[in-house]
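Right, one structure below, let's go through it.
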Amino acid sequence: MHPKYGNDGREYKSGVPNTGFRKQPTGRPKFKTAEEYAPDSDTMRLNRYLAHAGICSRREADDLIAQGLVTINGQVVTEMGYKVAPGDDVRYAGERLKSERKVYVLLNKPKGFITTVDDERARKTVMDLVSKACRERIYPVGRLDRGTTGVLLLTNDGAMAKKLTHPSHGALKIYHVTLDKPFSPADADKLKRGINLEDGPVAVDKLEMPDPENPYEVGVEIHVGRNRIVRRMFGALGYEVVKLDRTVFAGLTKKNLSRGQYRL
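Going by my numbering, the residue at position 185 of the sequence shown is 235; the numbering climbs one at a time, nothing skipped.
Now the structure itself:
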């Protein structure tokens, strides 16, 4: 059986640790994540490029462009939507600009935080936890709902974010699941074979059978990235997920990273 990772980030091969988690609330916020902000290619709109270079806001950049203060490869550009390509020589008032560096922040998300850049209801978001991580504008890659904890990547690398969240890529995700009642071996077989949900069939890649002494907890490995997929899979079989912790995402683990903490 493929090893899984426990709540502390350590591997476990037989069952999952008895952590005594209590039932947690869930939510369905509106999300704004890195892949939604990412450009369709390596090009970037000129006003966005100026903003990322720290010159001004995107709205102010439009004025600078309209005034003819920006050149690209020696030519004045006044088109707001001009796409800057890698290697272009972009200058403002004669000074060459560099777009922001690529930043990757790994967060061990605690419960109670919305995975979005902002929230119209002023609830706590994951951005509150990483506000001092870097100067660059970063966005969450993928989604963890309000009641789910664990590994969350944030970045300004839109191309990478799109790749990791695209269905064809199928980034590896491992979850530590705590249920409201003992898990049945028969249901384990169903999840491995595949079950039908309202948005189509789904199956886990691997599933660690629970420890006989603690049949409420399960380790799940899956590549599918649909909304609340783990909760819905178990819900379809009559279980309620009372605790959900993502221990691995795309090869990244939360080992040595306390809840609510991050590292670059």
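Each residue gets a CB set at the ideal place from its N, CA and C atoms; glycine is no exception. Since the structure is predicted, the reported quantities are computational estimates derived from the model, not experimental observations.
For Pro235, no beta strand (DSSP E) encloses it; the enclosing alpha helix (DSSP H) starts and ends at Pro235 to Arg243.
Less than 8 Å divides the Cβ of Val254 from the Cβ of Glu271. The continuous stretches of beta strand (DSSP E) do not include Asn97, which lies in the alpha helix (DSSP H) extending over residues Leu96 to His102. Counting only runs of at least 3 residues, the segment 168-253 fully encloses the following beta strand (DSSP E) elements, listed from N- to C-terminal order: 198-205, 223-229, 245-247 and 250-252. Using a 10 angstroms sphere on the CB of Ala116, the tally of other CB atoms stays under 16, which defines it as exposed. Annotated as distal: Leu179 and Arg313, with beta-carbon spacing of 8 Å or more. By the Cβ-count criterion, Asn306 is exposed, with fewer than 16 other Cβ atoms from all chains shown falling within 10 Å of its own Cβ.
Distance from the Cα of Leu203 is smallest, within the candidate group Asp249, Pro190 and Ala103, for Pro190. In this structure, the beta-carbon distance from Leu119 to Gly197 does not fall below 8 Å. Between the alpha carbons of Leu96 and Gly124 lies a gap of roughly 15 Å.
Contact between the segment 161-172 and the segment 215-225 is absent, with fewer than three C-beta pairs closer than 8 Å.
Nearest in C-alpha terms to Gly275, of all of Val291, Ser234, Glu290 and Gly192, is Gly192.
For Arg281, the number of other beta carbons within 10 angstroms of its own is at least 16, and it is reported as buried.
The same chain holds no residue with a CB closer than 6 Å to that of Gly301 once the five nearest residues on each side in sequence are set aside. With respect to the 8 Å criterion, Tyr289 and Leu241 are not classified as neighbours on the basis of their beta carbons. Across the set Arg309, Arg278 and Leu257, the C-alpha of Arg278 shows the shortest separation from the C-alpha of Asp249. Straight-line spacing of the CA atoms in Gly310 and Lys213 works out to 26 Å. Between the segment 93-111 and the segment 135-151 there are three or more C-beta pairs closer than 8 Å, enough to call the two in contact. The Cβ-Cβ distance between Ala211 and Ile245 does not fall below 8 Å. Taking each of Thr199, Arg185 and Asp112 in turn and checking the Cα distance to Gly162, the smallest one comes out for Thr199. Gly220 and Ser149 have their C-alpha atoms some 29 Å from each other. In this structure, the alpha-carbon of Glu129 lies about 14 Å from that of Tyr142. In the three-state DSSP reduction, Val280 falls in the helix class (H, G or I). Ranked by how close their Cα comes to the Cα of Lys256, the residues His273, Val153, Asp168 and Met177 have His273 in first place.
Contact between Asn206 and Arg187 holds, with the beta-carbon distance rounding to 6 Å and staying under 8 Å.
Apart from sequence neighbours up to five positions away, no residue of its chain approaches Gly104 with a beta-carbon distance below 6 Å.
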